[in-house]
Structure formats: C-alpha cells, structure tokens
Amino acid sequence: MNEATPQQQKKILVVSAHPDPRSLNAALTTFAARHLRAAGHEVRVSDLYAMKWKATVDADDFPDHTADGRLNVMAASERATLADRLSPDIAAEQEKVRWSDAVILQFPLWWFSTPAILKGWIDRVFTSGFAYGPKVPPPYSEGALGGRRALVSVTAGARESSFSDRGIHGRPADVLHPVQHGLFWFTGMTPLEPFAVYGANELPQERFEAAKREYGRRLDGLFTDAPVPFRSLVGGDYDHDMRLLPGVEAEGTRGLELHTHPRG
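If you count by full-length UniProt numbering, then the sequence shown holds residues 1 to 264, one letter each, in order.
Listed below in structure tokens is the structure:
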C-alpha cells in the first residue's frame, strides 16, 4: 500500500452499526480506520451502538417545535436545519458529514436492509435543508452533498451465489439500491460498487484475512475507482416528471438498470 502524499490526504467518516464490539462488522470498522490512517487520511468513526444513537425521529429533534402543533417532519426539519436549531446529536453528525470527503457505511444486512439504528441515523441526520429539499440543489445530481465519495461495506450470512442475477436473494446492486441510489446519489454523493463479505456467520480466519486484503484494495481506491454510473436528473435523460426519456437506454435494459449509464 502506498502512503498518501499530503495532496492526497482526505477526510473519511465511517458509520458503523453492530451491537457487539467483537463482531465481524466491528473488526472491519477497526481495519478500515487503521488502513486509511496508515495511508495518511484523517478518519472519524461514528459507532452508533456505542453512542446509543436514538433511532426514531420525533419532536425532540426540533427544540423549537411547539407541543400543540402538528409535526410535519419535512417542514420542521428544514426550519430547524436552516436556523441551526436541531438537537445536538443530529447537529454533530451533520458536521461530520460536512467535514468528510467520503462516507463509509459498515453494517450487517438484516432483512435485506440496514439495521434499524443505522436507518434511524439516516432518517435523523439527512434533514430537509441539509440533504434534500427546495433550499438545496436538486437530487440525483451533484447536489446538496456533492463532491463526496460513498461506500457501503456490508456483511451477509448467505453465500455469495445467492446474491447474483439468478440468485434467490437478488443482485447486491438491487438489494442495496435504496442506499446506493436513494440515499447516496439522491443527496449528490458519488457511490462506489459495494464491498460485501458473504457467509459471514461462520467465517474462518483464512477467509477473514482474504476479506481484509480485498477490503484494503477497495479502500485504496476510495477516491480513484470508477463510481456507479447513475444517471443525473439534470443531465438531459429525464423529462419534467422525472421519467426517463424513451430511447436513451441500451436495447433490452429493464428495471433499476435503466437509471445507470451503459458501461463501456
């Protein structure tokens, strides 16, 4: 691994979501932080379970909200965001995202999604006025959080063959589409292909070592690997109703692949 020169030094936020500090996810979080720091980067880690992160959005997130008023979450979050009046825990995590050049989400795949605590981090931190909404640039483009790279590092108990085009669980690109496209790209971050460790419930040491080597290569390419080629909302591929224009896709393209450019 080549050490980063001062010009290459970046700031990376790792958000980790597993309840056991002895878990594979915790080990991958520790590995990533050490590997990136050894390359000269600055790393912050938000260990959501260790932080006892509150996962639910409620009126306490917006200190100026009056108890007798209806809680319209989007409107309340936008007012609080623009007035710098969010609860302190949300404000602290938003500051980390603003600080970062890249965000890594580390989590186990539970019921084909993120653990609830990580979904709650997303729900509470990515407020209107910060990550989306009429006060920031449009979604699905170099928008509100543009200029940042984003990587999912996920563990799954099932075998790799079951997460494939003919696998019963579906392709990782489809399973993780809500995070890759609906969180990262929606807010302007540039997602990379996800890194995954399969068969994670029983992982012998030699496979763990192989996984670390592969993860190290992915971390080395965090700022140089080609991203997922999602289409931009403002790039001329969509009409006013946010529908893909006919004929811009390669013949035979279907489903979620419609929203990526053909790979060369």
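Ideal placement from N, C-alpha and C gives every residue a C-beta, glycine not left out. Fair warning: this is a prediction, and the values are worked out from it, not measured in the lab.
Considering only the beta carbon of each residue, do L48 and Y215 sit closer than 8 angstroms?
Taking the first residue of the sequence shown as 1, we reach residue 48 at position 48. Taking the first residue of the sequence shown as 1, we reach residue 215 at position 215. No, these two residues do not count as a Cβ contact at 8 angstroms.
Among the residues of its own chain, which have a CB less than 6 angstroms from the CB of M51, if the five just before and after it don't count?
Against the sequence shown, residue 51 aligns to sequence position 51. In the same chain as M51, and ignoring 5 residues on each side of it, no C-beta atom comes closer than 6 angstroms to its own.
Assuming R37 and V45 are in contact, meaning their beta carbons sit under 8 angstroms apart, how far apart are those beta carbons, in whole angstroms?
For this step, residue 37 is matched to residue 37 along the sequence shown. For this step, residue 45 is matched to residue 45 along the sequence shown. Going by Cβ atoms, the distance from R37 to V45 rounds to 11 angstroms, so no, they are not a contact pair.
Which parts of the region 49-112 are runs of the alpha helix (DSSP H), unbroken and 4 residues or longer, counting only runs that do not cross its ends?
Correct list: 73-82, 88-99.
For E202, count the other beta carbons within 10 Å of its own beta carbon; 16 or more makes it buried, fewer makes it exposed. Which is it?
Along the sequence shown, one-based indexing puts residue 202 at 202. Exposure of E202 is indicated by the presence of fewer than 16 other C-beta atoms within 10 angstroms of its C-beta.
Rounded Cβ spacing between L233 and A156 (contact assumed at less than 8 angstroms)
Walking along the sequence shown from the start, residue 233 turns up at place 233. Walking along the sequence shown from the start, residue 156 turns up at place 156. About 31 angstroms separates the two Cβ atoms, so there is no contact after all.
Give the DSSP bridge partners of L13, in chain order.
What you label residue 13 is simply residue 13 of the sequence shown in a count that begins at 1. L13 pairs with R44, V103.
Taking the alpha helix (DSSP H) that F31 falls in, what are its first and last residues?
Locating residue 31 in the sequence shown gives position 31, where the first residue counts as 1. Where F31 is concerned, the enclosing alpha helix (DSSP H) stretches over 24-38.
Beta carbon of F107, beta carbon of L118: below 8 angstroms?
As a working note, residue 107 is residue 107 in the sequence shown. As a working note, residue 118 is residue 118 in the sequence shown. The answer is yes: Cβ separation under 8 angstroms.
Which runs of the alpha helix (DSSP H), 4 residues or longer, sit entirely within the region 214-242?
Counting only runs of 4 or more, we get nothing.
So, are the CB atoms of S100 and R148 less than 8 angstroms apart?
In the sequence shown, counting from the first residue as 1, residue 100 sits at position 100. In the sequence shown, counting from the first residue as 1, residue 148 sits at position 148. The Cβ-Cβ distance between S100 and R148 falls below 8 angstroms.
Since P63 contacts S87 with CB under 8 angstroms, what's their CB separation in whole angstroms?
Here residue 63 refers to the residue found at position 63 of the sequence shown. Here residue 87 refers to the residue found at position 87 of the sequence shown. 6 angstroms between Cβ atoms; contact.
Short check: CB of L82 to CB of V179, under 8 angstroms?
For the purposes of this step, residue 82 is taken as the residue at position 82 of the sequence shown. For the purposes of this step, residue 179 is taken as the residue at position 179 of the sequence shown. For the 8 angstroms CB-CB criterion, L82 and V179 do not form a contact.
On the three-state DSSP scale, how would you describe F195?
Mapped onto the sequence shown, residue 195 falls at position 195. F195 falls in the strand class under three-state DSSP.
Short of 8 angstroms in beta carbon distance, which residues of its chain neighbour R85, apart from the five on each side in sequence? Order them along the chain.
Here residue 85 refers to the residue found at position 85 when the sequence shown is read from its first residue. Closer than 8 angstroms at Cβ, skipping near neighbours: F62, P63, D64, R79.
Of all the options P137, F126, A59, L71, which has the alpha carbon lying nearest to the alpha carbon of A91?
Here residue 91 refers to the residue found at position 91 when the sequence shown is read from its first residue. Here the closest residue by C-alpha is F126.
Taking only three categories from DSSP, how would you classify S161?
What you label residue 161 is simply residue 161 of the sequence shown in a count that begins at 1. When secondary structure is reduced to three states using DSSP, S161 falls in the helix class.
Looking at the structure shown, is A200 part of a helix, part of a strand, or coil, going by DSSP?
Counting from one through the sequence shown, the residue named residue 200 turns up at place 200. When DSSP states are grouped into helix, strand and coil, A200 belongs to the coil group.
May I ask which residues mark the beginning and end of the alpha helix (DSSP H) holding A116?
The count along the sequence shown starts at 1 and reaches residue 116 at position 116. Where A116 is concerned, the enclosing alpha helix (DSSP H) stretches over 116-125.
For a quick check, are the C-beta atoms of W53 and W121 less than 8 angstroms apart?
Within the sequence shown, numbered from 1, the residue matching residue 53 stands at position 53. Within the sequence shown, numbered from 1, the residue matching residue 121 stands at position 121. With respect to W121, W53 sits close: the two C-beta atoms are nearer than 8 angstroms.
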